[in-house]
Amino acid sequence: MKGDTYLAWSSDEKIRKKGESGGAVTALLKVALEMKIVDAVLVVKMRNRSRYDGVLSLITDPNEVLQSGGALHFASVNVARALKEYLSGAKDFRMAVTCKPCDCRAIIELAKRGQINIDHLILIGLNCTGTLLPAVARRTLKEEYGVNPDDVVGEDVDKGKLIIKLADGTRKERDLKELEEKGYGRRENCRRCAVNIPRMADLACGKWGTRGKEATFIEVCSQRGSELMGKAIEAGAIFVETPDQQALKEREEEDKQAVALATRWEQKDFDVLRWLPYDDRFKYWVEYFDRCIKCFGCRDVCPICYCQDCYLEAGRGFLQGGQIPPHTIFPLVRLAHVADSCVNCGQCQDVCPMEIPLTRLYHMLNTELSSLFDYTPGMDVSDYPPLTTVTDEEALIEEVNVFRKS
Ligand code: SF4
Ligand code: SF4
Ligand code: SF4
């Protein structure tokens, strides 16, 4: 049931060897296909065996599930956007999707807006404390670790360290804070990301709380997740044990430390802007907006941008065909459109050819709104954005006004 926790590992030795942390996630995906609980699973895998090139793969054959890439920290695949664009139209097509917290949150925001049928999905959430842009990862490994990036066979972001494993078994680690202060390391949005355990998914899986065991810590977050776990255990696809108090404490402690690091980055990034006089703050952003070449990249990649007939397209009456939008309009219109739904996934900033720190702007406004309305996007499909809901008091005032006017 919801709230149950397990330490789990695959009962299949091949999966245990190839999969991450005892292969429990791979085993769950396989059993979901075998038992026809879903028609397909959507996973991230390496293209051309490169850790720097992750691609989405839709798998329908249980025997192919082992092809999934495990944890890839050097590829930040846009799961929610792909799901919406290419897979949401298939009626009654059930899927299990492995996703990071920001992917799960984007899927939830899309579901709220009727863009995805979440009832056909099982979200297998994976703990995440950050991903690196492929080019930055290669540069970091070469310049800071002194290794050939192509020799790296595994990596992890854990306990404030970026850890890599080489083909000859060597392990090297560096302090993330030091790396990031030098301009290496995780994407800017990931540094500020404080949602590391995907409790908004059906299952939240990770290695925090495993206390060195080759196992996955799984928290059941929904009825759907509970049913999948129950069936996998019953079928003997996974072995489980109940985590002890120490394991639960360790997991909470790891999460607390990740949140503290994210909060420090948030303060660093935002405080410098928050306390600027208004005119200087405006100037700061307008100088960035001036760089915008209206390539539409940020709009096209944003998982939450879903309007078929985008306001920013020429011919909508807002901008005339043949005209170039004034510099501030483009990012500001997007800001207004994603203020209550941005999940800080960083995709927009990753693709911006003019290197505008878009997530700094969107995340900052989003954080302000979240504290004002006590609402965080992407956490619960039944929790609607504040400006789309009306309190009883507001409804009463409206009724009184209508009555007065009549
Ligand atoms: S934004 Fe958060 S969940 Fe998404 S990749 Fe970065 S750290 Fe992971
Ligand atoms: S605005 Fe940027 S960070 Fe926010 S959801 Fe869209 S792509 Fe992700
Ligand atoms: S990606 Fe950058 S340059 Fe392109 S439209 Fe968006 S803000 Fe402008």
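Numbered per the numbering used here, the sequence shown spans residues -19 to 386.
Yeah, the Cβ is synthetic: ideal placement off N, Cα and C, and Gly gets one too.
Around the beta carbon of Lys16, a 10 Å sphere encloses fewer than 16 other beta carbons of the protein chains shown; the residue is thus reported as exposed. Within its own chain, the residues whose Cβ lies closer than 8 Å to the Cβ of Trp188, once the five positions on either side in sequence are excluded, are Asn107, Ile177, Phe197, Glu230, Arg231, Glu234, Asp235, listed in chain order. Selection Lys274, Ala184, Pro129 evaluated against Asp83 yields Ala184 as nearest (Cα-Cα).
Within the model, the alpha-carbon separation for Thr347 versus Lys64 is close to 25 Å. Asn128 counts as exposed, since fewer than 16 other C-beta atoms from the protein chains shown sit within 10 angstroms of its C-beta.
The C-beta distance from Thr120 to Ser56 rounds to 15 Å, too long to fall under 8 Å, and the pair is not in contact.
The closest heavy atom of ligand 1 lies less than 7 Å from the beta carbon of Pro81. Within the same chain, and ignoring the five residues on either side of Lys193 in sequence, the residues whose Cβ sits closer than 7 Å to its Cβ are Leu(-13).
Rounded to the nearest whole angstrom, the C-alpha separation of Asp(-16) and Val331 is 39 Å. Annotation for Ile104: no alpha helix (DSSP H) segment contains it, though the beta strand (DSSP E) segment containing it runs 101 to 106.
Within the DSSP secondary-structure output, Ala20 pairs in a beta bridge with Met75. Within the DSSP bridge table, the entry for Ala217 names no partner. Distance from the CA of Ala181 to the CA of Glu153, rounded to the nearest whole angstrom, comes to 30 Å. Non-local beta-carbon contacts of Trp265 in its own chain, meaning distances under 7 Å to residues more than five positions away in sequence, involve Leu341 in chain order.
The straight-line gap separating the alpha-carbon atoms of Arg384 and Glu267 is approximately 48 Å. Under the 10 Å beta carbon count, Tyr164 is surrounded by 16 or more other beta carbons and is classified as buried.
Per DSSP, Val137 is one residue of the beta strand (DSSP E) stretching across 132 to 138. His307 sits away from Asp354, with the two beta carbons spaced by 8 Å or more. Taking a 10 Å sphere around the C-beta of Ile39, we find 16 or more other C-beta atoms and assign the residue as buried. Residue nearest to Ile218 within the set Met(-19), Lys(-18), Gly(-1) is Gly(-1) (criterion: CA-CA distance). When the alpha-carbon of Arg27 is set against those of Pro42, Phe54, Leu13, the nearest one is in Phe54. For Ala115, the enclosing alpha helix (DSSP H) covers residues 114 to 124. In the three-state reduction of the DSSP assignment, Asp(-16) falls in the coil class. If you check the CB distance, Met344 and Leu253 come in under 8 Å. A distance below 6 Å between beta-carbons, with the five flanking residues on each side excluded, links Ala20 to the following residues of its chain, in chain order: Leu38, Thr40, Met75. In the three-state DSSP reduction, Ala181 falls in the coil class, being neither helix nor strand.
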